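S.K.: Following this message is one structure expressed as structure tokens.
In the numbering used here, the protein residues as written are 1 to 212.
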């Protein structure tokens, strides 16, 4: 479907507006789709493809560095946005490879980062704004994906914690991770907190799109 969106037609606008969480799973074709999107001046689609390509490159580098026990390289890649809990095609994370190779320092660092993610999501779910702020100040990745593809932003929005939603976005949480179905669910709820969050997220998504 994405290759159709990169060529002539209105499908690209549909993807840009509603399915910004789409994932490029076929990296071999991603350059071809990127060229097609750029040719047709679909900047939103171009941005999505580039983000997915870069994300997959980073995880490959992270796993390689973890296998080698190159702790400094691992830290550098994590700081660049490589997600420590992202799995490769075999279903393994960088932590698993570091442990298998006996690189204790690298494994401990990756384990710490994964624990930070779990703590951030738990705080977002419980509505503990102070803890969320503290974890962010200590370098917690606001865009890391936790259980079943959920980020701290999605969790906070789902539980109606408006203050946490705003804090996460102010510190770089990707509002485009909020998909169409999730947004519709928020808008259809009778909970005022959820509808306020939905309106705020829609505004943030529109602002992000205008900057593309």
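No residue lacks a Cβ here, since even glycine has one placed at the ideal position from N, Cα and C. Since we're looking at a predicted model, the values are computed, not measured.
What is the C-beta distance between residue 122 and residue 160, in whole angstroms, given that I count them as a contact (C-beta under 8 Å)?
M.R.: 16 Å between Cβ atoms; not a contact.
S.K.: Using only the alpha-carbon positions, how far apart do residue 70 and residue 103 sit?
M.R.: 9 Å
S.K.: What are the boundary residues of the alpha helix (DSSP H) that includes residue 158?
M.R.: 152-158
S.K.: Using only CA atoms, which one of 205, 110, 176 and 156 lies nearest to residue 67?
M.R.: 110
S.K.: Just curious, the alpha helix (DSSP H) that residue 130 is in, first and last residue?
M.R.: 129-137
S.K.: When burial is assigned at 16 or more other CB atoms within 10 Å of the CB, is residue 89 buried or exposed?
M.R.: That one is exposed.
S.K.: Just the Cα atoms here: how many angstroms apart are residue 107 and residue 154?
M.R.: 28 Å
S.K.: Is there contact between the stretch 91-102 and the stretch 118-132, where contact requires at least three CB pairs shorter than 8 Å?
M.R.: no
S.K.: Using a threshold of 8 Å, state whether the C-beta atoms of residue 82 and residue 95 are closer than that.
M.R.: no
S.K.: I'd like to know whether the C-beta atoms of residue 129 and residue 172 end up nearer to each other than 8 Å.
M.R.: no
S.K.: DSSP three-state call for residue 79: helix, strand or coil?
M.R.: helix
S.K.: Checking 8 Å against the spacing of the C-beta atoms, do residue 156 and residue 165 come in under that value?
M.R.: yes
S.K.: According to DSSP, is residue 91 part of a helix, a strand, or is it coil?
M.R.: coil
S.K.: Spatial neighbours of residue 178 within its chain, please: C-beta separation below 6 Å, excluding the five flanking residues on both sides.
M.R.: Cβ-Cβ distances below 6 Å link residue 178 to 201 in the same chain, with the five nearest sequence neighbours on each side left out; the list follows chain order.
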